[in-house]
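Enquirer: Have a look at the structure that comes next, please.
Rendered as structure tokens:
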């Protein structure tokens, strides 16, 4: 359920209350919170029309609130308005910066404009981003997308394209090569280096006819190449074909959008075959079923998406451009990285999990440190708050000849990790580390 006129505010008491009074005077509902407990509980209770977050809050409160808002299932699509000091840019692409003190009328206008340009909720209709610095080409590409019953998104330069991809995560990208400042090649490189966007299919269109440009685009990761001026029926057929092929063959999780078991095994197998240094992290949440039973599938899906983002953030901060994140299913995830980065990624996963995931519990359950729900035999049982177990398997310790060997070692390590209380990452040869 969404309340479009409901603003949930986290900020300093006097400034936040002044904004709330201005919003109420204009017929909006406004809730003010100074702490995380009330703020997160409000978001869990009902989907807000918009979130307003002061960025000069204490760093611990601000960072946890920002991570919760950025990925939480009830506000992932609602406008996030950030009150920034000295007119600075918003810290996250797609968030809306406003200067302090915020003007209530301006905050309302920003929220309404963001909702009209973005998505008000989950979409099943495919979205296609059309990128070109030529407005006529953008209009033509949008016409093709609309004719297929899909939703067009547009960008007029490379940097705007990257921002739109991070914000809306389109199902396919139509990308021009020849653009000023950041060309199509650079856009492809940027998107393919990010595990969250690396698997989005890309059709390149360009007036360039040289084979070298086509080969370069395809080597960087583009899926198809169309020469301008293009035939509308041909482009429509290529878009439709590529989307159908991607949806059929990606084996991606519908909850996280991450590649699934088939792709995970292919990635690990290919790296073993090439003899590359390899580390594989297997992560899963302990007591997730109890949480799901207590709070329901919707909030459970929110936790799964949050775990995915924790892994992606850890890879972004400590991994390399060729690292990979996959979703086996349920609460099971895989990270493929290098031995040099594995420990830091595992440690970050444990730390972030323990800081963020408790926010998904109701405040009273979080304060108690446990929930009560029925176990598999139907008996009411106490379950502790969720923790995460991470098994780290590395070619630094032993060589592997096929994927099954990696999975076997990881299964042994996970059993050991789950025998311990709390979040834990465990490395082959029983070297383990506790979360911070």
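In the working numbering, the protein residues as written are 2 to 437. C-beta atoms are modelled at their ideal positions from N, C-alpha and C, and glycine is treated no differently. Model, not experiment: these values are computed from the prediction.
Buried or exposed for residue 139, going by 16 or more other Cβ atoms inside 10 Å?
Expert: buried
Enquirer: Taking Cβ to Cβ, would you say residue 50 is nearer than 7 Å to residue 12?
Expert: no
Enquirer: For residue 85 and residue 97, I'd like the C-alpha separation in whole angstroms.
Expert: 10 Å
Enquirer: DSSP on residue 124, reduced to helix/strand/coil?
Expert: Unreliable positioning characterises residue 124 in this predicted model, as indicated by a pLDDT of 43, which lies under 50. A coordinate reading is not provided.
Enquirer: Rounded to whole angstroms, what is the Cα-Cα separation between residue 92 and residue 425?
Expert: 30 Å
Enquirer: Using a C-beta cutoff of 7 Å, does residue 354 count as contacting chain B?
Expert: No chain B is present in this structure, which holds just one protein chain.
Enquirer: Measuring only from the beta carbon, is residue 202 closer than 6 Å to any heavy atom that is part of the ligand SAH?
Expert: Here there are no bound small molecules, and the ligand SAH is not part of this structure.
Enquirer: Leaving out five residues before and five after residue 370 in sequence, what residues of the same chain have Cβ atoms less than 8 Å from its Cβ?
Expert: 385, 386
Enquirer: Please report the straight-line C-alpha distance between residue 400 and residue 263, rounded to a whole angstrom.
Expert: 22 Å
Enquirer: How is residue 215 classed by DSSP in three states: helix, strand or coil?
Expert: helix
Enquirer: When DSSP labels each residue in this structure, what does residue 398 get in the three-state scheme?
Expert: coil
Enquirer: According to DSSP, is residue 12 part of a helix, a strand, or is it coil?
Expert: coil
Enquirer: Determine, using beta-carbon pairs with one atom in the stretch 388-397 and one in the stretch 269-284, whether at least three such pairs fall under 8 Å.
Expert: yes
Enquirer: Going straight from the alpha carbon of residue 129 to that of residue 398, what length do you get?
Expert: Approximately 44 Å, taken between the alpha carbons.
Enquirer: Considering only their Cβ atoms, is the gap separating residue 417 from residue 407 smaller than 7 Å?
Expert: Their beta carbons are not under 7 Å apart, which means residue 407 does not touch residue 417 by this criterion.
Enquirer: If I follow the unbroken beta strand (DSSP E) through residue 50, where does it start and stop?
Expert: Counting along the chain, the beta strand (DSSP E) containing residue 50 begins and ends at 48-55.
Enquirer: Do three or more CB pairs link the stretch 17-31 to the stretch 102-110 at distances below 8 Å?
Expert: Contact holds: three or more Cβ-Cβ distances are below 8 Å.
Enquirer: Over the uninterrupted beta strand (DSSP E) stretch that includes residue 296, give me the two end residues.
Expert: Per DSSP, residue 296 belongs to no beta strand (DSSP E); it is in the alpha helix (DSSP H), 289-296.
Enquirer: If you follow the beta strand (DSSP E) that residue 207 is in, where does it begin and where does it stop?
Expert: Run containing residue 207: 203-207, per the beta strand (DSSP E) assignment.
Enquirer: Beta-carbon separation of residue 21 and residue 9 under 7 Å?
Expert: no
Enquirer: Span of the alpha helix (DSSP H) holding residue 417?
Expert: Segment 404-419, the alpha helix (DSSP H) holding residue 417.
Enquirer: Does the separation of the CB atoms of residue 176 and residue 244 fall below 7 Å?
Expert: With respect to residue 244, residue 176 sits apart: the two C-beta atoms are not nearer than 7 Å.
Enquirer: In the structure shown, what three-state DSSP assignment does residue 319 receive?
Expert: helix
Enquirer: Taking the alpha-carbon positions, what's the residue 227 to residue 199 distance?
Expert: Residue 227 and residue 199 have their alpha carbons spaced roughly 20 Å apart.
Enquirer: So, is residue 170 buried or exposed, given that buried needs 16 or more other C-beta atoms within 10 angstroms?
Expert: exposed
Enquirer: Decide yes or no for the touch test of the stretch 180-192 against the stretch 142-151: beta carbon pairs closer than 8 Å, at least 3 of them.
Expert: no
Enquirer: Taking the alpha carbon of residue 257 as the reference point, which residue from 81, 277, 311, 306 has its own alpha carbon closest?
Expert: Here the closest residue by C-alpha is 306.
Enquirer: So for residue 236, helix, strand or coil by DSSP?
Expert: helix
Enquirer: By the three-class DSSP mapping on this structure, what secondary structure does residue 176 have?
Expert: Looking at residue 176 - three-state DSSP - the assignment turns out to be strand.
Enquirer: Alpha helix (DSSP H) containing residue 193: first to last residue?
Expert: 185-193 is the span of the alpha helix (DSSP H), which, as asked, contains residue 193.
Enquirer: Starting from the C-beta of residue 124, find all residues in its chain whose C-beta is less than 6 Å away, skip the five residues before and the five after it, and write them out in chain order.
Expert: Bear in mind that a pLDDT of 43 at residue 124, under 50, signals an unreliable position, so the number given afterwards is only what the model happens to contain. If we look at residue 124 and ignore the five residues flanking it on each side, it has no Cβ neighbours.
Enquirer: Can you list the beta strand (DSSP E) stretches of 3 or more residues lying completely in the stretch 345-396, in chain order?
Expert: 371-375, 381-385, 388-395
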